[in-house]
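Participant: In case it helps, this note's numbering puts the sequence shown at residues 7 to 113. Built from N, CA and C at the ideal position, the CB exists for glycine as well.
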Amino acid sequence: MSMLYLENVVTLRLDAASCVGCGRCVEVCPHAVFTVESGKARIRERDACMECGACARNCPVGALFVKNGVGCAVGILNAKLGRTSSCCGGEQDCCCSCEPDTEKDNG
């Protein structure tokens, strides 16, 4: 069973034109979000992305972008750790109902 977060809130973006199809994103993604087809990476399951940023950090051409540290995974982890920091910073892609710049990190 795959882990899915809230639908359509992930900040993950792929610039397919820049992708060279090396497959590093497939290798480093802990949730199997990517596949490589016809020499290009493809996002197989966007809503499975936990926004860790491993794909973007390992892409040799910068074809992947994710705002790690601001999405649902961070919100869930902060809640578990008892932190009250904003998970979104006011971005439209936010998965929570926090107000920007009104919450502070207690951790």
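Which word fits C70, buried or exposed, when buried means at least 16 other C-beta atoms lie within 10 angstroms of its C-beta?
Facilitator: Here residue 70 refers to the residue found at position 64 of the sequence shown. In the sequence under discussion, the amino acid at residue 70 is Leu, which differs from the Cys named in the question. L70 should be labelled buried.
Participant: Using the C-alpha atoms, what's the distance from G29 back to E51?
Facilitator: Residue numbering aside, residue 51 sits at position 45 when the sequence shown is read from its first letter. Residue numbering aside, residue 29 sits at position 23 when the sequence shown is read from its first letter. Going by the C-alpha atoms only, they are around 16 Å apart.
Participant: Anyone know if the C-beta pair for C65 and C31 falls short of 8 Å?
Facilitator: For this step, residue 65 is matched to residue 59 along the sequence shown. For this step, residue 31 is matched to residue 25 along the sequence shown. Cβ distance < 8 Å, so C65 and C31 count as in contact.
Participant: For the alpha helix (DSSP H) containing E33, name the first residue and the last one.
Facilitator: Looking up residue 33 in the sequence shown gives position 27. Run containing E33: 30 to 34, per the alpha helix (DSSP H) assignment.
Participant: Tell me the rounded alpha-carbon separation between C33 and G27.
Facilitator: One-based indexing of the sequence shown puts residue 33 at position 27. One-based indexing of the sequence shown puts residue 27 at position 21. Checking the displayed sequence, the identity of residue 33 turns out to be Glu instead of Cys. E33 and G27: Cα-Cα distance of roughly 12 Å.
Participant: If you reduce the DSSP assignment to three classes, tell me which class K46 lands in.
Facilitator: Within the sequence shown, the letter at position 40 stands for residue 46. The answer is strand: DSSP assigns K46 an E or B state.
Participant: Could you tell me whether the Cβ atoms of F40 and C61 are closer together than 8 Å?
Facilitator: On the sequence shown, residue 40 is found 34 positions in, with the first residue counted as 1. On the sequence shown, residue 61 is found 55 positions in, with the first residue counted as 1. Contact flag set, yes.
Participant: In whole angstroms, what is the alpha-carbon distance linking S44 and A22?
Facilitator: Taking the sequence shown and counting its residues from 1, the one referred to as residue 44 is at position 38. Taking the sequence shown and counting its residues from 1, the one referred to as residue 22 is at position 16. Distance between the alpha carbons of S44 and A22 is about 12 Å.
Participant: CB-CB under 8 Å to L118, same chain, minus the five flanking residues each way: which ones, in chain order?
Facilitator: Since the displayed the chain opens at 7 and closes at 113, residue 118 lies outside it and no answer follows.
Participant: For K46, which residues from the same chain have a beta carbon less than 6 Å from its beta carbon, with the 5 sequence-adjacent residues on both sides left out?
Facilitator: Here residue 46 corresponds to residue number 40 of the sequence shown, with the count starting at 1. Around K46: A22, C25, G27.
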